[in-house]
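If you're matching them up, the sequences are chains A and B in order. Under the working numbering, the residues of the first sequence are numbered 1 to 340, in order. Under the working numbering, the residues of the second sequence are numbered 1 to 194, in order.
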Amino acid sequence: MIRVSSPHAPPAGNTGGVMRQVLYATLPGMAVLTWLFGPGVLLNLFWAIPMALLVEAAILRLRRKPVGFYLGDWSAATSAVLLALSLPPASPWWLILIGVISAIALAKHLYGGLGMNPFNPAMVGYVILLVSFPVEMTRWFAPGEAPQLAESLRLSLGTHASPDAFSGATPLDSFRNLAGDAAALAQQPILDGRLAGQGWELVNLGFLAGGLWLLWRGVISWHIPAAMLGALALTALPFWLYDPARFASPQFHLLSGAAMFGAFFIATDPVSAATSRAGKLVFGALIGVLVWVIRSLGGYPDGVAFAVLLLNLAAPTIDYYTRPRTYGHDKPRRGMGGDG
Amino acid sequence: MTEYVLILISAVLVNNFVLVQFLGLCPFMGVSNKVETALGMSLATTFVLTLSSVLAYLTWSWVLVPLELEYLRTISFILVIAVAVQFTEMFVHKASPLLYRVLGVFLPLITSNCAVLGVALLNVRQEDATFLTSLTYGFGAALGFSLVLVLFAAMRERIAMADVPEPFRGPSIGLITAGLMSLAFMGFTGLIQP
């Protein structure tokens, strides 16, 4: 009889395994997005993934690294999927290509490749696109009025005459534009499809489901998502109570835009996030606060990408000040005169 | 009170001197290799920037404007800043010889830190500048400078260990990182309506 002694931990997954699980976890959200916004979502994905693999392979060739080995870790595909899911459906092909090159070449390989990038590659790609091409990046269809496959294909190839004909505002845009009417909006029940609105809460619930699965599988820890969503809700609550006409409710913030997607799939990137537990809590909470600040007071409709990048650049500092005490040693002193 | 808070937020985040207005880049690249040095530099710069901002305002409103010598502002502010830096240098030399050695040439170089002169000049360009707004503006600019300098230093310590491709090692990856940081700071755009 074979008896296996403790620890009964499952074998540590390799990078490829972890990345594949992240990809599986995006499926529910991806399905909802496709259902709402038509085949354009899938077109984004089918164009972004091969391009990402191509760029990755080309750079690995240039850097004289083993191409097959590094392509097998699925990291380029994961970045491409995360980027493609955050772009508007049926984005033009060149938009996606620029985004993928920025993400893979600039944000990842210039810093030495997988495991060394200080910024989240997908979000670098997204922000570069958002800053450079604001018109294309805010062209979301009204759900249910999404074009069919042929139409989407024409949009992706850029041969469509007037793509503005069927664009709709996202709920975060509407909330901004309807500042006076927000009280009426706030009366709607949350899952009515009108408040957090137009199916966006379903998208967020889809990503929430995928994220919970990741948590259950132990791929991500609870610290960052919980801190981020908690801080977002807690920041929104007093302002909403103070003036519901000007500020959106906490549940609106939690279930609209990229809140769940950002909390479970973007902010939890183990490379660009803080590492210690205390650090992760600070990291997540600050992202939540910044998301609220940028959404409610800033110039961009959604702040998840900016908030994540801002905390990516703060993550080394957070790590520096939250390094846990090593057993048998004093707590390290930090700052000037510290031991570094 | 709100006015001063807005000036602070504007100078620290929205119009950050390094990442949004691209002033003071040489100490930003030069003294950001270690967090401890960056902290020392940011303390020294904070002191100089706040002091020189106030001194420049006083020079402006007590000397230059009454004598109708406004066109001499650049050269007289440089003089004021040089005095403030010299004073700080003597103080640091006495108070912390170690920090003095670590900062080295960068301490006198605060004189030529364009953020310092920039703050002084931008200050007097506003019609309604008062003593207190100049003080707040200078202090906010210094806080913003210190914030991004320390964040950048911690980040560079990490990048120094990464397998950066040979042609991009050193200052080039530093500049690329600064560019990406600046991109992230664009998220604060529109936070304060002018």
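Here a beta-carbon is modelled for each residue, glycine too, at the ideal position from N, C-alpha and C.
9 Å Cβ cut-off: residues of chain B touching residue i
i        : result
A:Val127 : Leu180, Leu183, Ala184, Met186, Gly187
A:Pro118 : Met155, Arg158, Ile159, Ala162, Thr177, Leu180
A:Tyr70  : Ordered by position in chain B, no residue passes the 9 Å Cβ test against A:Tyr70, which lies about 12 Å from the chain.
A:Phe283 : Chain B residues near A:Phe283: none, gap ~13 Å exceeds 9 Å.
Bounding residues of the alpha helix (DSSP H) (the contiguous stretch that carries residue i)
i        : result
A:Pro121 : 121–132
A:Asp319 : 304–321
B:Met29  : 25–30
B:Val18  : Unbroken run through B:Val18: none, as it is neither H nor E.
A:Gly298 : That residue, A:Gly298, is in no alpha helix (DSSP H); it is neither H nor E in DSSP.
B:Gln86  : 73–95
B:Gln126 : Element bounds for B:Gln126: n/a, residue is neither H nor E.
B:Ile173 : 171–185
A:His109 : Here A:His109 belongs to no alpha helix (DSSP H), and DSSP marks it neither H nor E.
B:Gly144 : 131–159
B:Val63  : It is not in any alpha helix (DSSP H) - B:Val63 carries neither H nor E in the DSSP assignment.
A:Gly151 : It is Glu, not Gly, that sits at residue 151 of chain A in the sequence shown. First-last of the alpha helix (DSSP H) with A:Glu151: 149–157.
A:Pro250 : 250–254
B:Val5   : 2–9
Residues near residue i in its chain [Cβ-Cβ closer than 7 Å; skip 5 each side]
i        : result
A:Ala184 : Caution is warranted here: a pLDDT of 37 is assigned to A:Ala184, below 50, making its placement in the model unreliable, and no coordinate value can be reported.
A:Val219 : Val18, Gln21, Val22
A:Leu60  : Val67, Tyr70
B:Ser76  : Thr59, Leu64
B:Gly40  : Leu99, Val102, Leu103
A:Gly262 : Val304, Val308
B:Val119 : Leu49, Ser53, Tyr137, Gly138, Ala141
A:Val55  : Val100, Ile101, Ile104, Ala105
Residues near residue i in its chain [Cβ-Cβ closer than 8 Å; skip 5 each side]
i        : result
A:Ile49  : Ala77, Ala80, Val81, Ala84
A:Ala285 : Ala227, Met228, Gly230, Ala231
B:Ala204 : In the structure as shown, chain B starts at 1 and stops at 194, and residue 204 of chain B therefore has no counterpart that could be examined.
B:Thr37  : Val31, Val102, Leu103, Ala153
A:Leu313 : Pro118, Phe119
A:Tyr300 : Leu130, Ile294, Phe306
Burial state of residue i, where buried means 16 or more other Cβ atoms lie within 10 Å
i        : result
B:Ala153 : buried
B:His93  : exposed
A:Ala245 : exposed
A:Ala179 : Interpretation of A:Ala179 is limited by its pLDDT of 41, a score under 50 that renders its predicted location unreliable; the figure taken from the coordinates is listed afterwards. It counts as exposed.
A:Lys65  : exposed
A:Val291 : buried
A:Leu36  : buried
A:His329 : exposed
A:Arg277 : exposed
A:Ser162 : Because A:Ser162 carries a pLDDT of 48, less than 50, the predicted location of this residue cannot be relied on, and no value is offered for it.
B:Arg156 : buried
B:Tyr71  : exposed
B:Ser10  : buried
A:Arg325 : exposed
B:Asn15  : buried
A:Tyr242 : exposed
A:Ser91  : buried
A:Asn14  : exposed
A:Gly279 : buried
B:Gly128 : The sequence shown places Asp at residue 128 of chain B, not Gly. So B:Asp128 ends up on the exposed side.
Close Cβ partners of residue i (< 6 Å) along its chain, the five nearest in sequence each way excluded
i        : result
A:Ala365 : The first residue shown for chain A is 1 and the last is 340, placing residue 365 of chain A beyond what the model contains.
B:Tyr100 : Val92, His93
A:Leu202 : Val32
A:Ser86  : Tyr126
B:Val124 : Trp60
A:Ala25  : Gly210, Trp213, Leu214
Within chain A, the residues that residue i reaches when beta carbons sit closer than 7 Å
i        : result
B:Phe168 : Leu110
Chain-ordered neighbours of residue i on chain B, where CB pairs are closer than 8 Å
i        : result
A:Pro316 : Leu151, Ala154, Met155, Glu157, Arg158
A:Glu299 : Here residue 299 of chain A is Gly; the residue named in the question, Glu, does not match the sequence. Simply Thr189, Gly190, Leu191.
A:Arg61  : By Cβ distance, chain B contributes nothing, its closest Cβ being about 13 Å from A:Arg61, past 8 Å.
A:Phe247 : Residues of chain B passing the Cβ test: none, with the nearest at roughly 15 Å.
Proximity test, residue i beta-carbon vs the ligand PLP heavy atom, cut-off 7 Å
i       : result
B:Asn15 : Among the components of this structure there are no ligands whatsoever, and the ligand PLP is therefore not found.
Contacts of residue i in chain B (Cβ-Cβ under 7 Å)
i        : result
A:Tyr320 : Val35, Ala154
Problem set entry | Length at least 3, wholly inside the stretch 193–230 of chain A: the beta strand (DSSP E) runs in chain order | Within the stretch 193–230 of chain A, there are no complete beta strand (DSSP E) runs of at least 3 residues.
Problem set entry | Segments assigned beta strand (DSSP E), at least 3 residues, entirely inside the stretch 21–101 of chain A | none
For this session: Go through the stretch 238–290 of chain A residue by residue and report every complete run of the alpha helix (DSSP H) that reaches 4 residues or more, in order.
Result: 250–254
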